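Note sheet for the following structure.
Numbering (our numbering), first residue to last: 28 to 160.
Here it is, written out as structure tokens:
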């Protein structure tokens with residue numbers, strides 16, 4: 028039976044509960060990952076993310092990235108994953124190509140130097156400023 032990411036994580040949280048799920052700077056159990064992802068999904072849904080919306084995720088790999096990924100999918104969004112090391116021009120082009128309508132900016136090569144530049148890059152790619160988190 029095929030699983031949605033959210034169902035797969037729910038199943039893992041039920042089965043493995045307090046066992047480590049993610050260790051990257053911090054350690055999160057499967058239950059903590061499930062709960063944090065659920066809170067992220069609620070926040071995204073309240074912001075306006077709807078089923079089928081493409082949500083660009085541009086951040087370094089880490090526990091937060093995993094929470095954001097599962098949160099996007101739990102909210103019904105389609106995660107558009109951007110490599111954290113891309114140059115600004117590449118991100119603008121890929122944002123245009125993917126037709127992402129939302130974006131989550133974590134730490135990445137551009138935002139580490141200037142967060143406002145990262146916002147401008149996504150805006151130039153077509154993501155409305157009000158939909159950049």
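All C-beta atoms, glycine included, are put in the ideal place defined by N, C-alpha and C.
All figures in this text were calculated on a predicted structure; none of them were measured in a lab.
Residue of the options minimising C-alpha distance to residue i
{"i": "residue 153", "options": "133, 129, 144", "result": "129"}
{"i": "residue 65", "options": "93, 80, 117, 79", "result": "93"}
{"i": "residue 101", "options": "157, 42, 144, 60", "result": "60"}
{"i": "residue 58", "options": "36, 67, 104", "result": "36"}
{"i": "residue 138", "options": "97, 70, 150, 115", "result": "115"}
{"i": "residue 105", "options": "120, 76, 43, 140", "result": "76"}
{"i": "residue 88", "options": "109, 73, 151", "result": "109"}
Cβ shell of residue i (< 7 Å), same chain only, five flanking positions each side left out
{"i": "residue 90", "result": "49, 51, 52, 53, 55"}
{"i": "residue 47", "result": "54, 56"}
DSSP state of residue i mapped onto helix, strand, coil
{"i": "residue 93", "result": "helix"}
{"i": "residue 38", "result": "helix"}
{"i": "residue 139", "result": "coil"}
{"i": "residue 60", "result": "helix"}
{"i": "residue 145", "result": "helix"}
{"i": "residue 28", "result": "Unreliable placement is indicated for residue 28, whose pLDDT of 43 sits below 50; no coordinate value is reported for it."}
{"i": "residue 106", "result": "strand"}
{"i": "residue 49", "result": "strand"}
{"i": "residue 69", "result": "helix"}
{"i": "residue 132", "result": "strand"}
{"i": "residue 121", "result": "helix"}
{"i": "residue 84", "result": "strand"}
{"i": "residue 159", "result": "strand"}
Same chain, Cβ closer than 6 Å to residue i, five either side skipped, listed in chain order
{"i": "residue 146", "result": "159"}
{"i": "residue 63", "result": "94"}
{"i": "residue 103", "result": "78"}
Close-in-space but distant-in-sequence residues of the same chain around residue i (CB under 8 Å, 5 per side omitted)
{"i": "residue 142", "result": "132"}
{"i": "residue 28", "result": "For residue 28, the predicted structure reports a pLDDT of 43, less than 50, and the residue's modelled location is therefore unreliable. A value from the coordinates is still provided. Closer than 8 Å at the Cβ level, and outside the excluded window around residue 28, lies no residue."}
{"i": "residue 125", "result": "81, 83, 107"}
9 Å Cβ cutoff, residue i in contact with chain B
{"i": "residue 75", "result": "This model lacks chain B altogether; it includes just one protein chain."}
Residue i and residue j closer than 9 Å at C-beta
{"i": "residue 136", "j": "residue 121", "result": "no"}
{"i": "residue 71", "j": "residue 98", "result": "yes"}
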